[in-house]
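In our numbering, the protein residues as written are 572 to 782.
By construction, the Cβ of each residue, glycine as well, lies at the ideal position given by its N, Cα and C atoms.
This report concerns only the one structure given below.
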Ligand code: BEZ
């Protein structure tokens, strides 16, 4: 069965480039991004892994651990690291799961047989401190992901986990946010002292509350 938002992210044991780990224990009460790529020594994946390594400080600033996965063996992950550094200037600085027996790929539905029955697709799972899945994304092998978008999503997920707000289309950290429908106008005046503008009765906008 597919993993849905709000589900507990299934726990697993895996061999990684940073040693064996158990997912929930490794993650602790941090946020985590678990992402798969189709195959080592391939061009799009090389650029993606370099991008994640470059952005590691940004993930850390958001209390978020990052972990990659493919069905390639550990020695391939290790050798490929040199190419990733050569091409992107950034060597992988996060664990990469060697899922040769596809145990984790199958657990998370990362193999889509009508796309490829031998490789994982480009899956992303964002997992909250409570181990619940907050977001999932699936891209095909031919399309590299935008990891800045993942940081933007983390900003939204973390803000909306704390305040009764939602973020509008194309929102980025620092922009105005939307007060959720569950909050009455009277409660909104108390909870959002910077005030709000009601563009319609159901679309009330307020400055980002944690700024
Ligand atoms: C790539 O990363 O470029 C790639 C990987 C698997 C299939 C096709 C492309």
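Just how far apart, CA to CA, sit residue i and residue j?
i           : j           : result
residue 737 : residue 650 : 43 Å
residue 686 : residue 675 : 18 Å
residue 654 : residue 598 : 28 Å
residue 782 : residue 718 : 24 Å
residue 665 : residue 735 : 33 Å
residue 689 : residue 757 : 56 Å
residue 851 : residue 630 : Within the shown structure, residues of the chain are numbered from 572 to 782, placing residue 851 beyond reach of any answer.
residue 633 : residue 606 : 17 Å
residue 635 : residue 626 : 11 Å
residue 662 : residue 641 : 17 Å
residue 613 : residue 711 : 14 Å
residue 733 : residue 721 : 19 Å
Would you call residue i buried or exposed, if buried means 16 or more other Cβ atoms sit within 10 Å of its Cβ?
i           : result
residue 587 : buried
residue 750 : buried
residue 766 : exposed
residue 713 : exposed
residue 670 : buried
residue 693 : buried
residue 585 : buried
residue 576 : exposed
Contact check, residue i vs residue j under 8 Å by CB: the rounded distance?
i           : j           : result
residue 678 : residue 695 : That belief does not hold up - the Cβ atoms of residue 678 and residue 695 are roughly 15 Å apart, past 8 Å.
residue 603 : residue 698 : 5 Å
residue 639 : residue 667 : 4 Å
residue 578 : residue 700 : About 15 Å separates the two Cβ atoms, so there is no contact after all.
residue 752 : residue 773 : 6 Å
Taking 6 Å as the line, does the beta carbon of residue i fall inside it for any heavy atom of ligand 1?
i           : result
residue 659 : no
residue 724 : no
residue 712 : yes
residue 615 : yes
residue 609 : yes
So, using beta-carbon positions, are residue i and residue j closer together than 7 Å?
i           : j           : result
residue 691 : residue 609 : yes
residue 683 : residue 580 : no
residue 611 : residue 643 : yes
residue 619 : residue 715 : yes
residue 748 : residue 779 : yes
residue 705 : residue 723 : no
residue 769 : residue 762 : no
residue 680 : residue 573 : yes
Flag residue i as yes when its Cβ comes closer than 6 Å to any non-hydrogen atom of ligand 2, and as no otherwise.
i           : result
residue 688 : Ligands displayed in this structure: ligand 1; ligand 2 is not among them.
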